[in-house]
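Colleague: One structure coming up, written as structure tokens, with questions to follow.
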Amino acid sequence: MVDAHIITADEELNGERIDKVIFQKCGLSSRSAAQKLIDDGNVSVNTLIITKNYKVKSGDKITVVIPKPKDLEIKAENIPLDIRYEDDDLLVVNKQKGMVVHPAAGNYDGTLVNALLFHCKDSLSGINGIIRPGIVHRIDKDTSGLLIVAKNDFAHISLADQIKAHSFSREYQSVVYGKFKTAEGTVDAPIGRHTVDRKKMTVTTKNSKNAITHYKVIDEYDNFTHLGLKLETGRTHQIRVHMSYIGHPVAGDPVYGPRKVIENLNGQCLHAGLIGFKHPRTGKYVEIQSELPDYFTDFLRRIKK
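Counting in numbering that gives the first Met the number 0, the sequence shown runs from 0 upward without gaps.
What follows is the structure, given as structure tokens:
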């Protein structure tokens with residue numbers, strides 16, 4: 000089965016690139032998704048197949064065929080997990096740097112979800128669908144640290160509500176570029192999708208959500224600062240975006256930091272070291288902590304020298 004969209008171009012669309020028009024009018028996740036539809040021959044203008052560079056003309060009849068997504072079978076894989084807490088309702092896992100949380104294009108195996116399916120069998124919440132069973136929140140591939148997983152929908156709803164109400168405690172440690180004028184502070188700046196690069200987030204007032212990050216200096220070095228960070232909100236890439244915004248990008252960040260590669264760091268130096276929440280079943284506060292991983296402590300030793 001397919002989903003077909005027919006767009007009749009008005010004066011407002013005259014001169015716009017076809018991929019931009021499709022992205023805006025068909026509710027796609029990115030312009031690259033629109034370009035793939037065009038490259039695959041799923042877009043025609045006045046019954047003619049076009050290229051992604053085509054400029055729309057007023058009166059054009061644009062037909063967009065969106066194939067139905069293929070059902071994915073996510074396989075359980077026997078991948079070791081560092082579990083720091085577990086009961087019948089949830090578990091807290093200490094994710095290693097470099098592990099993707101859930102399957103996506105280019106990463107359909109070797110993810111945290113593949114490992115969870117093996118460990119938990121059928122005991123994972125289904126609210127987030129087949130791709131993200133049990134996943135209440137996520138951390139980036141190259142961010143290490145604690146992540147909570149719901150084993151049933153009851154726990155998932157409770158934990159998601161806590162995150163939404165900002166009563167969910169999350170503390171990180173990071174090494175960032177430069178030195179700070181004050182020992183602690185707060186970044187209160189809204190975050191939304193980047194208007195050009197849809198894979199990136201940015202500080203913006205357009206189509207954004209409020210984002211608040213508190214930071215405190217733990218130690219200083221010649222060119223870097225070791226920070227403790229608390230999230231009041233949980234936006235995508237929040238710490239990485241906020242630190243870059245104030246001129247102190249996270250060391251090793253390949254997206255929001257300088258292009259200079261830091262040897263043996265392989266991505267951002269960012270660790271989710273504490274997670275705290277009210278247990279969905281008992282109502283008691285649970286707090287789990289994780290020590291700094293080797294890559295982080297090795298980098299601290301290097302910059303001390």
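The beta carbon of each residue, even a glycine, is placed where N, CA and C say it ideally should be.
Once the 5 residues before and after V202 are set aside, which same chain residues still bring their CB inside 7 Å of it?
Modeller: A188, P189, I190, V240, Y244
Colleague: Given a cut-off of 9 Å on the beta-carbon distance, is the pair G40 and I48 in contact?
Modeller: yes
Colleague: T212 bridges to which residues according to DSSP?
Modeller: V186, L230
Colleague: Tell me whether V20 sits in a helix, a strand or coil according to DSSP, three-state version.
Modeller: Note: V20 maps to helix in three-state DSSP.
Colleague: Run through DSSP, which three-state label would D160 get?
Modeller: helix
Colleague: Taking Q288 as the reference, which of D252, T212, R169 has the closest Cα?
Modeller: R169
Colleague: Using 10 angstroms around the beta-carbon of N93, count the other beta-carbons present and answer buried if the total reaches 16, otherwise exposed.
Modeller: buried
Colleague: Within 10 Å of its beta-carbon, does K54 have 16 or more other beta-carbons around it, so buried, or fewer, so exposed?
Modeller: exposed
Colleague: Provide the residue(s) that pair with G133 in DSSP beta bridges, ordered along the chain.
Modeller: The partner list for G133 (beta bridge, DSSP) is empty, contrary to what the question assumes.
Colleague: According to DSSP, is F223 part of a helix, a strand, or is it coil?
Modeller: strand
Colleague: Contact defined as beta carbons within less than 8 Å: I believe L80 pairs with K150. What is the distance between those atoms, to the nearest angstrom?
Modeller: K150 and L80 do not touch by the CB rule: their CB atoms are close to 14 Å apart, not below 8 Å.
Colleague: By DSSP, does A149 sit in helix, in strand, or in coil?
Modeller: strand
Colleague: Please classify G246 as buried or exposed, where buried requires at least 16 other C-beta atoms within 10 Å of its C-beta.
Modeller: Exposed, because fewer than 16 other Cβ atoms sit within 10 Å of the Cβ of G246.
Colleague: Would you report the Cα separation of G97 and G256, rounded to the nearest angstrom?
Modeller: 18 Å
Colleague: If you draw a straight line from the C-alpha of I302 to the C-alpha of C268, how long is it?
Modeller: Linking I302 to C268 through their CA atoms gives a straight-line distance of about 13 Å.
Colleague: Relative to the C-alpha of N52, which residue among L228, V20, V148, K120 is closest?
Modeller: V20
Colleague: Would you tell me roughly how many angstroms separate the C-alpha atoms of V135 and N45, rounded to the nearest one?
Modeller: One C-alpha to the other measures close to 45 Å.
Colleague: So, using beta-carbon positions, are V285 and G275 closer together than 9 Å?
Modeller: In this structure, G275 lies closer than 9 Å to V285 by Cβ.
Colleague: What ranges does the beta strand (DSSP E) occupy inside the segment 247-271, keeping only unbroken runs of at least 3 residues that lie completely in it?
Modeller: none
Colleague: Under 8 Å, with one C-beta from each stretch per pair, do the segment 151-165 and the segment 173-185 reach the 3-pair mark?
Modeller: Contact between the segment 151-165 and the segment 173-185 is not established, with fewer than three Cβ pairs separated by less than 8 Å.
Colleague: To the nearest whole angstrom, what separates the beta carbons of K178 and E219, a pair I think is in contact under 8 Å?
Modeller: 6 Å
Colleague: Based on Cα-Cα distance, which residue from Q237, L111, V174 lies nearest to D311?
Modeller: This structure gives no information on residue 311, because the portion of the chain shown stretches from 0 to 304.
Colleague: With a CB to CB cut of under 6 Å and the five nearest residues on each side skipped, what residues in its chain are close to R137?
Modeller: Cβ neighbours of R137 beyond the five flanking positions: V100.
Colleague: Who are the Cβ neighbours of K74 in its own chain at under 7 Å, not counting the five residues just before and after it?
Modeller: D108, N113
Colleague: Applying the 10 Å Cβ sphere with the 16-neighbour rule, what's the burial state of R234?
Modeller: With a threshold of 16 other beta carbon atoms within 10 Å, R234 meets it and is buried.
Colleague: Apart from the five residues just before and just after D252, which ones in its own chain have a Cβ nearer than 6 Å to its Cβ?
Modeller: Excluding sequence positions up to five before and after D252, its CB lies within less than 6 Å of the CB of R239, Q267, all in the same chain and listed in chain order.
Colleague: Determine, using beta carbons only, whether D18 and A33 come nearer to each other than 9 Å.
Modeller: yes
Colleague: Could you tell me how far apart the beta carbons of F153 and P279 are, in whole angstroms, since I believe they sit closer than 8 Å?
Modeller: 6 Å
Colleague: Tell me the start and end of each unbroken alpha helix (DSSP H) in the segment 51-120 that is at least 4 residues and wholly inside, in chain order.
Modeller: You should have 111-119.
Colleague: K35 and I305 - do their beta-carbons sit closer together than 9 Å?
Modeller: Only positions 0 to 304 of the chain appear in the structure, and residue 305 is not among them; the question remains open.
Colleague: Can you give me the Cβ contacts of E85 inside the same chain, cut-off strictly under 8 Å, excluding the 5 residues immediately before and after it?
Modeller: V91
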